[in-house]
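Novice:
2 protein chains.
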Amino acid sequence: MFRSRWHYALYFYPMKEEIISIGDELLIGQTINTNAGWMGQQLNLIGAGLERVITISDSRDAILNTLKDCLNRADVVLITGGLGPTKDDITKHTLCEFFHTRLVRNAEVLARVEKFFLKRGRTMLESNRQQADLPEDCTVLPNDFGTASGMWFEKDGKIVVSLPGVPYEMKHLMEMQVIPRLKTRFSLPVIVHRTIMTQGIGESFLAEMISNWETELRNAGLSLAYLPSPGIVKLRITGKGPDKEALEKKTLEFEQRLLPLIEKFHFGFDNDLLETTLGDLLREKKLSLVTAESCTGGYIAHRITSIPGSSDYFLGSVISYSNAVKIEQLGVDSTDLNTHGAVSPEVVEQMAKGVIKKLHARCSIAVSGVAGPDGGSDEKPVGTVWIAVAFDDRVVSRKFLFEQNRERNITRSALTGMMMLRQLILGTI
Amino acid sequence: MFRSRWHYALYFYPMKEEIISIGDELLIGQTINTNAGWMGQQLNLIGAGLERVITISDSRDAILNTLKDCLNRADVVLITGGLGPTKDDITKHTLCEFFHTRLVRNAEVLARVEKFFLKRGRTMLESNRQQADLPEDCTVLPNDFGTASGMWFEKDGKIVVSLPGVPYEMKHLMEMQVIPRLKTRFSLPVIVHRTIMTQGIGESFLAEMISNWETELRNAGLSLAYLPSPGIVKLRITGKGPDKEALEKKTLEFEQRLLPLIEKFHFGFDNDLLETTLGDLLREKKLSLVTAESCTGGYIAHRITSIPGSSDYFLGSVISYSNAVKIEQLGVDSTDLNTHGAVSPEVVEQMAKGVIKKLHARCSIAVSGVAGPDGGSDEKPVGTVWIAVAFDDRVVSRKFLFEQNRERNITRSALTGMMMLRQLILGTI
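So the protein lines, in turn, are chains A and B.
5 is the number of the first residue of the first sequence in the numbering used here; add one for each residue after it.
5 is the number of the first residue of the second sequence in the numbering used here; add one for each residue after it.
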C-alpha cells in the first residue's frame, strides 16, 4: 500500500521555533513588529516551523514566564529587543537570571565597541562600555553594525538566541550567524512554496472556480492558502517532504494545471507586483505609458513610479480632478460631461484618448469614479468607477462597483486599470 | 504627607488584555501583523493595558491552547483572523468548540450578507451564506464592511472577542463596537493624551531643542513620547490620574509653552495629517492647488486627494516624469534643462509657475529629485531633491538631501512640499 509523503517527512527532526519580541513600543503600537515577519520568512525558507510569535513588554516577569513557556513547547526560541544601553533594556540581565549565570566583560567585544565609537567620533559612556558585559555561559554572536552582541544559549538540548531589536542589526546576525548555525544543528525538511498572483476576482469565487483542482492538490499532499488584499488574491501552494526535486516537480505540475483555469485573472508569481509586471511588458514591447486620473488622483502614477527604472516607459500624467482640467487639458467634450456626467464611459474614454494625444504616448489608463464617502447618487452610488485603457487606436472601458471605502476604491481602481491595460496589450480583453 | 497621583490610579480596575493574531501568513512573514499594533494603540488610548500579543497559525490545537493560556492571565482576549469563507478559516468552529456551543444561522446577518452581494451584483455561494452561521452563545457584532461578523463571548467574568483579520473591517468593529463596550464594561483610569505634530526636524534635534521644557514636563508628572516616521515626528504628552479636568488643564498648559519653541516645525495636533491641515487652510482662504511632480510621480496629488472633499481646492496635476512633458506641458526652458539638469532650482521653479498658469490655480507644489536607487552622481547623489512652492507671483525653492531609500525620499519630498506651501501661504517661509 502506498504510504503518503507526509509519512516520510516524519523521519526528519521537526524543529519547532518560537519568537519572543520584547518591547513596550510594540505593544502600544508605536513600532510595528516587522522583525518577527522577516524572521518568519527566513525560517520558512529553510523549512523550519515557526509556531508562535509572542510580543511582551520590557518586564522581568514577562520575559522569565514567557521563556519558560516557550521552552516547554519549542526547540529553538529566538528573542529580539531589550539589548540597548538604557535602563529600560533588561533582556541581558534577565537571561542571566534565567540561565543562572553572570555577566563578564568580554575583551574582544569591548575592543569592537571602542572602535565603533572612535570611528564615529562619539564620546563613550560607561553605559556603552557595559555593552561588552555578556553572560559567561553563552556563545557571543558578534554584531558588526552595532554595540549589542547576539547571545546563543544551549540548555537541555534546547537553544535560546537573543538578538538586538534594531532591524538591520538583527537581520545581519540572523543571516551571518543564526541561520547557518541552525542549518548545521538540525536536519530540516525541504519546503517548497509557489505563489500565484491574481487580480479582479474575489476569494470565494476563485475558490469555487478551482475547487476540483484544489481537492486534487490536497489529495496529492500539497496545501493551498488564499491570501487576499484589496483587488488582489494570492494563491500559495506549499509542499513539504524529503525530496526537493520531486516536490518542485509536483508543485510545478499543479501550477501548470491551475493557470488555464484562472487565465483571465492571473498576472504573476511570488513577489510580483502588477506595476512591475505591467512595467516589464511595456519595456519589452518598447511602449510608453501615461495616465489620466480623476478619482484615483495620481495614485496609479504613484504606483507605477514607485518602481525603480519606470522612467523607461512612464512619461507622465494629467490628473484631472476638476472638470475644467478634463475639458481643457484632455479635450473631453463639455456637452458629454454635462449630458453623461464625469463618471461615464464617454468621458473616461475621451480622457484615455486625450492623454495619449497630449503627452505623445502609446498606452494610457484613465479613471473616473465616485471614491466616496460623498458624491454618490442612486444612479451612481459610492464605489461606481469607470475605467478606460487605450493602446494606440484601441480603447476599452468598463464599469465597476467597488466598495464604500475611499482608500479601497482608489486601490482597486488602480489595480484594475493596470490589469486591463495589460490585457489590452496582450490582446486578451 | 502628599500622596503621589499614581496612588489614586491603583484604585481603578486594571483591565488586562491580550491579543491573539491568527494566520499562517503572519508566521511565514507574507503579511506583516499591523493589526496588533493598531489595536495596541487604541487600547492604550483608553488606558487599557495590552500585555501580550500572540501570533499563531490557523490550527485548531494552537487556537484552543493559546486561548486557554490567555484566559488564565487576562480579562479580555481579542482575536483577529480566520473568519473568511474558505476552508483554511477555522476560528469560528474552534471557538464553538472552546465555548461548548454550536453554529446557528443568524437571519439578520444573512439578510445583510445577501444585501451585500445584491448591491454588488455578485452571485452568492453557499460558502458566503455560511458567513451567517454564528455561535449560539455570543453577541454578534455587525460588520458593515464585510461578510464576517464580530463575536463577543463572555464566560466566568472574562471576555473573548473574535474579529475579522481584514484591517478595515477589524478597525470598523473595534471603533464602533469593541472600544465602546470595553469602556462601559470596565472602570478604566483617566488617561489624557495630546499629540503635537511636527514636520522637517529629526527626533534628536527636536529633543535637544525642547530639553528644558521636557524636564519640567516630567517633573510635573506628565510623560512624553517621540513618535518618528519618515518626515514627521509626533510628540505625545500623556497624563494619567484621577482628575480628568486637572490633567487636561496641565497638559494644555505645557502644550502652550511648547508651541513657540517649535513654531517652525509644528503643523497640527492628534490625528491631523499635513494634507488635511493644508487642505483646510486652502479651503478657508478659498485658494486652489495644483502640483507638478517629477520624482514624486503623483504621490503628492495622491496624498491630497486621499482626503474626502479635496475637490474643494485641488484642481489637478501635471506629472512630468519625462523632460518632454516638463518642456511641452509646463513650459520649462529646454536650455535651462540642459544647462542645470532636471534637478535644479531653475527647473523646479519653472515647473511650479508653469503648472499654475496651465491649470489656472493660485498655489502649486513642484518637485524634482533623484529618488534612487539609480540616477545619482557625485554632484547630485541619491536623495537630492529640489522643491518649489508657488502662491500667486511668489515662488520659493529649497534643496534637500534626504536618504538612500526611494520610498522614503518620495514620502519626505511630499511632506516637505506640503509644509513649505503651508508656510508660504502663512507668510512664515
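C-beta atoms are modelled at their ideal positions from N, C-alpha and C, and glycine is treated no differently.
#1: Check each residue of the segment 88-103 of chain B: if its Cβ is closer than 7 Å to any Cβ of chain A, include it; give the result in chain order.
#2: Strictly by DSSP, which residues pair up with B:Y230?
#3: On the CB-based measure, 16 or more other CB atoms within 10 Å of its CB, does B:P377 come out buried or exposed?
#4: Report whether the distance from the Cβ of B:I195 to the nearest heavy atom of the ligand NAP is below 7 Å.
#5: Which residues bound the beta strand (DSSP E) around B:S208?
#6: How about B:T59: is its C-beta nearer than 8 Å to some C-beta of chain A?
#7: Count the other CB atoms, across all protein chains shown, that sit within 10 Å of the CB of B:F395; report buried if there are 16 or more and exposed otherwise.
#8: Looking at the strands, I want to know which residues DSSP matches up with B:S298.
#9: Please confirm if A:R56 has its CB atom under 8 Å from at least one CB of chain B.
#10: Run through the DSSP bridge pairs and tell me what B:V393 is partnered with.
#11: Are there 16 or more other CB atoms within 10 angstroms of the CB of A:N409, so buried, or fewer, so exposed?
#12: Would you say A:I241 and A:T255 are within 8 Å of each other, going by their C-beta atoms?
#13: What residue range does the alpha helix (DSSP H) around A:D340 cover?
#14: Using a 10 Å radius around the Cβ and a threshold of 16 neighbouring Cβ atoms, would you call A:M5 buried or exposed?
#15: Quickly, what does DSSP pair B:T143 with across the bridge? List them, please.
#16: So with Cβ pairs under 8 Å, would you call A:P193 a contact of chain B?
#17: Under the three-state reduction of DSSP, which class applies to A:R106: helix, strand or coil?
#18: Check whether the Cβ of B:W42 lies closer than 8 Å to any Cβ atom in chain A.
#19: Please identify, using Cβ separations under 7 Å, the residues of the segment 111-131 of chain B that lie next to chain A, in order along the chain.
#20: Measure from the alpha carbon of A:G358 to the alpha carbon of each residue in A:T127, A:A375, A:I323 and A:T202, then state which is nearest.
#21: Give the residues from the segment 301-313 of chain A that approach chain B closer than 8 Å (Cβ to any Cβ), ordered along the chain.
#22: Per DSSP, what kind of secondary structure is A:F269 in: helix, strand or coil?
#23: Tell me the residue span of the beta strand (DSSP E) that contains A:H364.
#24: Reducing DSSP to helix, strand and coil, say where B:T90 ends up.
#25: In three-state DSSP terms, what is B:I414?
#26: Whose Cβ in chain B lies nearer than 8 Å to the Cβ of A:Y172?
#27: When the Cα atoms are used, what is the spatial distance from B:S417 to A:I311?
#28: Counting only C-beta atoms, is A:G283 closer than 8 Å to chain B at any point?
#29: Within 10 angstroms of the Cβ of B:E112, are there 16 or more other Cβ atoms? Answer buried if so, exposed if not.
#30: Between which residues of its own chain and B:V81 is the CB-CB distance below 8 Å, once the five residues before and five after are set aside?
#31: Whose CA, out of B:V393, B:I360 and B:R287, lies closest to the CA of B:S372?
#32: What is the rounded straight-line gap between the Cα of B:W156 and the Cα of B:E140?
#33: I'd like to know if A:I32 contacts chain B, where contact means its C-beta is closer than 8 Å to some C-beta of that chain.
#34: Across the segment 243-251 of chain A and the segment 181-201 of chain A, are there enough close Cβ pairs to call them in contact, namely three or more that are closer than 8 Å?
#35: For B:F6, which three-state DSSP category applies?
#36: Within its chain, find whatever has a CB closer than 7 Å to the CB of B:N327; leave out the 5 residues flanking it on each side and keep chain order.
Specialist: Taking the coordinates as given:
#1: So the close ones are G88, P89, T90 and D92.
#2: Per DSSP, B:L239.
#3: With fewer than 16 Cβ atoms within 10 Å of its Cβ, B:P377 is classed as exposed.
#4: This structure lacks the ligand NAP; in fact it carries no ligand of any kind.
#5: Segment E207 to M213 is the alpha helix (DSSP H) holding B:S208; no beta strand (DSSP E) there.
#6: Taking 8 Å as the threshold, the shortest C-beta distance from B:T59 to chain A falls below it.
#7: Burial check for B:F395: the Cβ neighbour count within 10 Å reaches 16 or more, so the residue is buried.
#8: Residue pairing by DSSP leaves B:S298 without any beta bridge partner.
#9: The C-beta of A:R56 comes closer than 8 Å to at least one C-beta of chain B.
#10: Its beta-bridge partners are B:I369 and B:V400.
#11: Label assigned to A:N409: buried.
#12: Yes.
#13: Bounds of the alpha helix (DSSP H) holding A:D340 are S338 to H344.
#14: Residue placement at A:M5 is flagged as unreliable, the pLDDT there being 33, under the threshold of 50; the coordinate-derived value follows with that caveat. With fewer than 16 Cβ atoms within 10 Å of its Cβ, A:M5 is classed as exposed.
#15: In DSSP, B:T143 forms a bridge with B:W156.
#16: False, the Cβ-Cβ gap to chain B never drops below 8 Å.
#17: Secondary structure at A:R106: coil, using DSSP grouped into helix, strand and coil.
#18: Interface residue, yes.
#19: Residues R124, G125, L129 and S131.
#20: Checking every option, the nearest Cα to that of A:G358 belongs to A:I323.
#21: Of all residues in the segment 301-313 of chain A, the ones placed with a Cβ closer than 8 Å to any Cβ belonging to chain B are G301, G302, Y303, I304, A305, H306, I308, T309, S310, P312 and G313, in chain order.
#22: Note: A:F269 maps to coil in three-state DSSP.
#23: Segment: none, A:H364 is in no beta strand (DSSP E) and carries neither H nor E.
#24: In the structure shown, B:T90 falls within a coil segment according to DSSP collapsed to helix, strand and coil.
#25: It is helical.
#26: Annotation: A:Y172 has no Cβ neighbours in chain B at a cutoff of 8 Å; minimum Cβ distance is about 12 Å.
#27: The straight-line gap from Cα to Cα measures roughly 17 Å.
#28: So no, A:G283 is outside the interface.
#29: That one is exposed.
#30: Within the same chain, B:V81 has close Cβ partners E21, E22, I23, I24, L71, C74, L75, K162, I163, V164 and V165.
#31: Here the closest residue by C-alpha is B:V393.
#32: So the two alpha carbons sit approximately 11 Å from each other.
#33: The C-beta of A:I32 comes closer than 8 Å to at least one C-beta of chain B.
#34: Output reads yes: the segment 181-201 of chain A touches the segment 243-251 of chain A.
#35: Bear in mind that a pLDDT of 37 at B:F6, under 50, signals an unreliable position, so the model cannot answer this.
#36: Once the five neighbours on either side are set aside, the close Cβ partners of B:N327 are L341 and A346.
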